[in-house]
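Worksheet for the structure shown next.
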Ligand SMILES: Cc1ncc(COP(=O)(O)O)c(C=O)c1O
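Residue numbers (the working numbering): 1392 to 1753.
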C-alpha cells in the first residue's frame, strides 16, 4: 500500500459538496478583494483562537514580515530565534533589516531552548521569535519571562500549530503577536497560499491591516509604504469551511501520533514527547534515529513516504553566511537524525500499521 505524507485529495473529497457550492457562491458575488469571506474568516479565526484580532494575509512568510514590521522591529535590531525551522522564519527577520541570532533547541523537543535564549540577549536584542515546531508549543512561560525581564517583544511563529495550546492558552495569543501559514499541507491549509497575523494589541492590529493593503487605512490614502498581501477571497471560503473541522483534525492527528509512539516504544527510534501541559497538534510526526539516511531509503523502498524536516539548519545555509555562525550541537545532531513520517487526519488503521511495519523493518 502506497502511503503519502499527507492526503489532501481525501480531505477534499470529504468536503467537496460544501466547498464547491461555497466557491460557486463567492464567484457569483464577485467581491474578490477583502470581500465578505475574508472579513468573516478574520472574525471567526479570532474567535476560534481566542485573540482580539486576526488579520489574514497572502501567506505565512508575509505574516511574519508584517508582524515584525508592525511590532516595530527594524535595522540594527537583533531577533533571537531557532535555526531548526523553515527558512521563512529568519528570512522575514532579514526583510525588516534586523539580524537573526540563532540559538540551540532542546534535546527532547524540536523547539528553542529558553536557557540559550537568555544567554543570547544583548543590548541590541529587540525580540524573541519562537517557532512552535511540528505543532508543539514552545516553553512560553520561560520565554515570556525572559521577554519581560529584558523588555523584548515575543513573536510566535505558529505556521505549524493552528489550534495548539500551552497551559490552556492558544498559541498565537500568548506573545505580543503571532503569525500563521495556510499552505495546503498545514493543519489548517487552503488550496493555494494564505497566512494570518494574530494579536491582542489594537495598535499592532491596525498597523498589520495597513501594511497588508498598501499602507492604507482609507481608500487611496496611504500613511506608510505597505504591500499587496491580502488573503484571496476563494481561499477564505475554503478556510472557513475547513476551520469548522480543525478541532477534529487535530484530535485525529494526535491519535495517529499516539499509535506511532506506542508502536515504536523500546525500538531504536526516539519518539516525540507529548508534554501533558500542552496540546500538541502534530503537524509533523518526527522521529530521531541513527543511520537516518539508510533508514529513509529503506522506508521509501516499501512505498511509504517519509521526509527530512530540516536537513540543513539555518545557521549553515548559504543565505545566512553573513550572520554569526554559532555552533549549535543539538540542532546539528537533530538535522542528521530527524525523520518525519506520514500523518494526516484521514489515516486509516491499516495505513498506520503499514507505516509502522515499514519503519520497524527498515
Ligand atoms: C515554521 C514556518 N514558518 C513560516 C512558514 C512560511 O509560510 P508560507 O509557506 O505560507 O509562506 C512556514 C511554511 O512552510 C513554516 O513552516
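For each residue, glycine too, the CB sits at the ideal point set by N, CA and C.
Given the structure is predicted, the values throughout are model-derived calculations rather than measurements.
- Using only the heavy atoms of ligand 1, determine whether one of them is closer than 7 Å to the beta carbon of residue 1574. For the purposes of this step, residue 1574 is taken as the residue at position 183 of the chain shown. Within the cutoff, so yes.
- Message: Using only the alpha-carbon positions, how far apart do residue 1500 and residue 1671 sit?
- Response: For the purposes of this step, residue 1500 is taken as residue 109 along the chain shown, with counting starting at 1. For the purposes of this step, residue 1671 is taken as residue 280 along the chain shown, with counting starting at 1. So the two alpha carbons sit approximately 11 Å from each other.
- Tell whether a beta-carbon distance below 8 Å holds between residue 1464 and residue 1489. The residue labelled residue 1464 in the question sits at position 73 within the chain shown. The residue labelled residue 1489 in the question sits at position 98 within the chain shown. The answer is yes: Cβ separation under 8 Å.
- Return the chain-ordered ranges of every alpha helix (DSSP H) run that is complete within the stretch 1683-1725 and spans a minimum of 4 residues. 1683-1692
- Message: Any heavy atom of ligand 1 closer than 7 Å to the beta-carbon of residue 1455?
- Response: Position 64 of the chain shown holds residue 1455. Yes, the Cβ of residue 1455 comes within 7 Å of a heavy atom of ligand 1.
- Item | Local conformation of residue 1452 per DSSP, three classes | Here the question's residue 1452 lines up with position 61 in the chain shown. Three-state DSSP puts residue 1452 in a helix.
- Query: Does DSSP put residue 1421 in a helix, in a strand, or in coil?
  - Reply: Sequence index remark: in the chain shown, residue 1421 carries index 30 (1-based). Note: residue 1421 maps to coil in three-state DSSP.
- Write down every uninterrupted run of the beta strand (DSSP E) in the stretch 1479-1550 whose length is 3 residues or greater and which is fully enclosed by it, in chain order. 1490-1494, 1516-1520 and 1544-1548
- Task: May I ask which residues mark the beginning and end of the alpha helix (DSSP H) holding residue 1438?
- Result: Your numbering for residue 1438 matches position 47 in the chain shown. Counting along the chain, the alpha helix (DSSP H) containing residue 1438 begins and ends at 1427-1440.
- Item | Identified DSSP bridge partners for residue 1670 | In the chain shown, counting from the first residue as 1, residue 1670 sits at position 279. Paired residue(s): 1556.
- In angstroms, rounded to a whole number, what distance separates the CA positions of residue 1677 and residue 1493? Translated into the one-based positions of the chain shown, residue 1677 becomes position 286. Translated into the one-based positions of the chain shown, residue 1493 becomes position 102. The alpha-carbon atoms of residue 1677 and residue 1493 are separated by roughly 22 Å.
- Identify whether residue 1443 lies in helix, strand or coil by the three-state DSSP scheme. The residue you call residue 1443 lines up with position 52 of the chain shown. Reduced to three states, the DSSP call for residue 1443 is coil.
- Message: If I follow the unbroken beta strand (DSSP E) through residue 1757, where does it start and stop?
- Response: Outside the modelled stretch of the chain, which goes from 1392 to 1753, sits residue 1757, for which no answer is possible.
- Measure the CB-CB distance between residue 1495 and residue 1721 and report whether it falls below 8 Å. On the chain shown, residue 1495 is found 104 positions in, with the first residue counted as 1. On the chain shown, residue 1721 is found 330 positions in, with the first residue counted as 1. The answer is yes: Cβ separation under 8 Å.
- Compute the Euclidean distance between the alpha carbons of residue 1605 and residue 1614, then round it to the nearest angstrom. By one-based count along the chain shown, residue 1605 stands at place 214. By one-based count along the chain shown, residue 1614 stands at place 223. Each residue's Cα considered, the two are about 9 Å apart.
- Determine the extent of the alpha helix (DSSP H) in which residue 1631 is found, giving its start and end residues. As a position in the chain shown, residue 1631 is number 240, starting the count at 1. Where residue 1631 is concerned, the enclosing alpha helix (DSSP H) stretches over 1624-1634.
- Message: I need the DSSP call for residue 1642, collapsed to helix, strand or coil.
- Response: Your numbering for residue 1642 matches position 251 in the chain shown. Helix, per DSSP.
- Indicate, with yes or no, if ligand 1 has a heavy atom lying under 7 Å from the CB of residue 1623. For the purposes of this step, residue 1623 is taken as the residue at position 232 of the chain shown. Because no heavy atom of ligand 1 lies under 7 Å away, the Cβ of residue 1623 does not count as near it: no.
- Residues in its own chain within less than 6 Å of residue 1497 by CB, not counting five upstream and five downstream? The count along the chain shown starts at 1 and reaches residue 1497 at position 106. Here the set comprises 1504.
- Task: Report buried or exposed for residue 1519, applying the criterion of at least 16 other Cβ atoms within 10 angstroms of its Cβ.
- Result: Here residue 1519 refers to the residue found at position 128 of the chain shown. Under this definition residue 1519 is a buried residue.
- Message: Is residue 1487 a contact residue of ligand 1, with contact defined as CB to any heavy atom under 7 Å?
- Response: As a first step, residue 1487 must be located in the chain shown, where it is residue number 96. False, no ligand heavy atom lies under 7 Å from that Cβ.
- Burial state of residue 1405, where buried means 16 or more other Cβ atoms lie within 10 Å: As a position in the chain shown, residue 1405 is number 14, starting the count at 1. Exposed.
- Kindly identify the DSSP beta-bridge partner or partners of residue 1661. What you label residue 1661 is simply residue 270 of the chain shown in a count that begins at 1. DSSP, once it has assigned bridges, lists 1679 as partnering residue 1661.
- Message: Please tell me whether, using a cut-off of 7 Å, the distance from the CB of residue 1551 to the nearest non-hydrogen atom of ligand 1 is below it.
- Response: Taking the chain shown and counting its residues from 1, one reaches residue 1551 at position 160. Checking every heavy atom of ligand 1 against the Cβ of residue 1551, one is found closer than 7 Å.
- In three-state terms, what does DSSP make of residue 1401? Residue mapping note: residue 1401 aligns to position 10 of the chain shown, counting from 1. Three-state DSSP puts residue 1401 in a helix.
- Start and end residues, alpha helix (DSSP H) containing residue 1600: Counted from its first residue, the chain shown places residue 1600 at position 209. Residue 1600 -> alpha helix (DSSP H) spans 1593-1603.
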